[in-house]
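Presented below is the structure to which this report refers.
There are 2 protein chains.
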Amino acid sequence: MTTISIYEDNDKLRALLELLIGSQEGFAVVGAYGNGQTIVEQIEHDRPNVVLMDIDMPGRNGIDCVRLVKEFDPAVHIMMHTVFDDDDRLFACLSNGAAGYLLKKDTATHLLTALQEVMAGGGPMSPGIARRVLQTFQRPETPRSPTYGITLREQELLSLLTRGYTYRMIGIELHISVETVRRHLKNIYQKLHVQCGTEAVAKALRERII
Amino acid sequence: MTTISIYEDNDKLRALLELLIGSQEGFAVVGAYGNGQTIVEQIEHDRPNVVLMDIDMPGRNGIDCVRLVKEFDPAVHIMMHTVFDDDDRLFACLSNGAAGYLLKKDTATHLLTALQEVMAGGGPMSPGIARRVLQTFQRPETPRSPTYGITLREQELLSLLTRGYTYRMIGIELHISVETVRRHLKNIYQKLHVQCGTEAVAKALRERII
DNA sequence: ATGTCAATGACCTGAAAGGGTTATTGACAC
DNA sequence: GTGTCAATAACCCTTTCAGGTCATTGACAT
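The listed protein sequences derive, respectively, from chains H and L.
Here the first sequence is numbered in the working numbering, starting from 3 and rising by one per residue.
Here the second sequence is numbered in the working numbering, starting from 3 and rising by one per residue.
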């Protein structure tokens with residue numbers, strides 16, 4: 003018997019998943035929650051084999067939940083189930099230890115198959131997700147460079163940002179005007195697809211760009 | 003109509019695959035060969051959408067064939083079909099551009115499903131293979147450094163900060179006022195001995211506080 | 001020689017950040 | 001039952017950030 007906990011903030015969907023999975027032979031839903039605020043305590047109490055995890059939840063997002071659960075018990079299989087199919091969230095989940103990544107647009111049959119697969123040691127993914135994961139192993143002949151085309155100069159800027167330098171201080175340090183600093187950072191934000199310096203620094207550090 | 007070429011040095015298996023796939027609606031086998039000695043010319047002539055590729059073939063192995071085919075036409079989807087499930091061969095194939103990796107022990111149904119998936123832009127893999135691919139993204143467990151007395155709540159704030167949330171967005175996300183967000187962050191900056199959010203995020207990520 | 005692109009610089013605008021100060025509540029410890 | 005502290009909230013103020021648009025220079029490649 004495979005025990006499953008569900009984390010999904012949409013009440014109706016959560017109820018639906020509970021019903022769907024619970025009615026399946028060999029599966030038992032041992033927990034269903036709308037957020038992961040106290041997820042470690044819940045996992046400790048429910049002892050699921052598999053966790054079905056949404057990403058967008060109030061309070062604590064699914065990405066952090068994955069890390070917390072895997073730290074508490076690395077044997078738990080975590081199956082992501084989300085609408086997000088961007089690389090950022092995908093690889094954040096995988097690096098935290100998720101064992102599968104399904105998009106919500108997939109069918110119920112796919113979901114059930116995936117749950118069986120993940121329990122059997124597989125790594126079920128939605129088709130497009132799997133392709134993108136495989137593509138990251140391809141040799142860098144493709145135009146998609148892992149560093150997003152960040153130049154050496156831009157790396158310098160990023161590095162100073164991580165040390166808490168303001169634009170003005172960066173300008174003084176590099177002997178360029180504040181406006182140029184701004185220009186560089188605007189370019190960096192565009193290349194990294196982020197909105198602000200904080201997010202840029204996080205992405206750069208996580209992806210080892212600097 | 004999906005056109006398929008088969009590279010498989012076992013004569014009986016190749017004939018079987020040709021029969022199995024050819025009898026499937028929507029598929030047409032346009033080439034079936036026992037080795038890849040002249041694969042580029044064959045691909046050029048046959049123009050398959052998908053190539054089913056064995057690894058252990060006389061003269062030229064399937065791993066090199068993958069590279070040659072992808073160099074000739076990057077649009078071709080290459081589906082590995084092999085008995086080998088070691089990491090060396092697996093990642094060699096992936097880095098050469100394979101779009102899927104199936105083990106021969108999988109069922110015929112799996113193979114046919116995989117061929118459909120790969121044509122639709124997916125990345126089908128045998129369960130154990132997929133899990134190993136996903137595991138390569140897991141970041142190695144690093145011991146936590148002293149966390150400067152950062153509380154759980156504060157970790158949540160930090161986590162949202164790394165995702166580019168503004169103070170206001172954090173407030174909405176956590177159901178608290180912007181002023182409280184500011185208060186929390188002020189405390190965090192003090193505890194971490196930093197001046198701004200950017201520096202805090204850098205420090206938190208580098209020292210694995212979050 | 002022409003085009004692309006990195007690096008440099010500027011101006012305007014509104015939104016956001018961050019420092020200072022003060023205060024209440026509830027939990028937990030001593 | 002008193003003290004500590006996390007979490008909550010508000011006000012003031014100045015600086016900084018980030019988006020938009022426009023422009024010049026020098027390298028390098030086609």
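The C-beta atom is built at its ideal place from N, Cα and C for all residues, glycine as well.
Bear in mind the structure is a predicted one, so any value in this text is a computation, not a measurement.
Residue 110 of chain H (DSSP reduced to helix, strand or coil): helix
Strand pairing of residue 6 of chain L, partner residues [DSSP]: L:31 and L:52
For residue 61 of chain L and residue 46 of chain L, the rounded distance between their alpha carbons: 20 Å
Spatially closest choice to residue 155 of chain L from L:182, L:141 and L:139, by CA coordinates: L:182
From H:54, H:44 and H:39, residue whose alpha carbon lies closest to that of residue 20 of chain H: H:54
Residue interval of the alpha helix (DSSP H) (run including residue 1 of chain L): Any answer about residue 1 of chain L is impossible in this case: the structure gives chain L only from 3 up to 212.
Beta-bridge partners of residue 105 of chain L, as assigned by DSSP: L:84
Proximal residues of chain L, C-beta to C-beta of residue 210 of chain H below 9 Å: Neighbours of residue 210 of chain H on chain L: none; closest Cβ ~10 Å, over 9 Å.
Interface residues of chain L facing residue 198 of chain H [CB-CB closer than 7 Å]: 166
C-alpha gap between residue 151 of chain L and residue 199 of chain H, whole angstroms: 25 Å
N- and C-terminal bounds of the alpha helix (DSSP H) containing residue 37 of chain H: Careful: residue 37 of chain H lies outside any alpha helix (DSSP H) and carries neither H nor E.
Secondary structure of residue 47 of chain L, DSSP reduced to three states: helix
Chain L contact for residue 139 of chain H (CB, 7 Å cutoff): yes
7 Å Cβ cutoff, residue 204 of chain L in contact with chain H: yes
Under 9 Å from the C-beta of residue 129 of chain H: neighbouring residues of chain L: 119, 120, 122, 123, 124, 125 and 126
Delimiting residues of the alpha helix (DSSP H) encompassing residue 71 of chain H: 64-74
Residue 101 of chain L: contacting residues in chain H (beta-carbon distance under 8 Å): 133 and 136
Same chain, Cβ closer than 8 Å to residue 68 of chain H, five either side skipped, listed in chain order: 55, 80, 82, 95, 98, 99 and 100
Residues from the stretch 87-101 of chain L in contact with chain H, defined by Cβ distance under 8 Å: 93, 96, 97, 98, 99, 100 and 101
C-beta atoms of residue 126 of chain L and residue 110 of chain L nearer than 7 Å: no
DSSP three-state assignment for residue 127 of chain L, whether helix, strand or coil: strand
Same chain, Cβ closer than 6 Å to residue 36 of chain L, five either side skipped, listed in chain order: 11
Minimum Cβ-Cβ distance from residue 66 of chain H to chain L less than 7 Å: yes
Residue 181 of chain H at chain L interface by Cβ criterion, 7 Å: no
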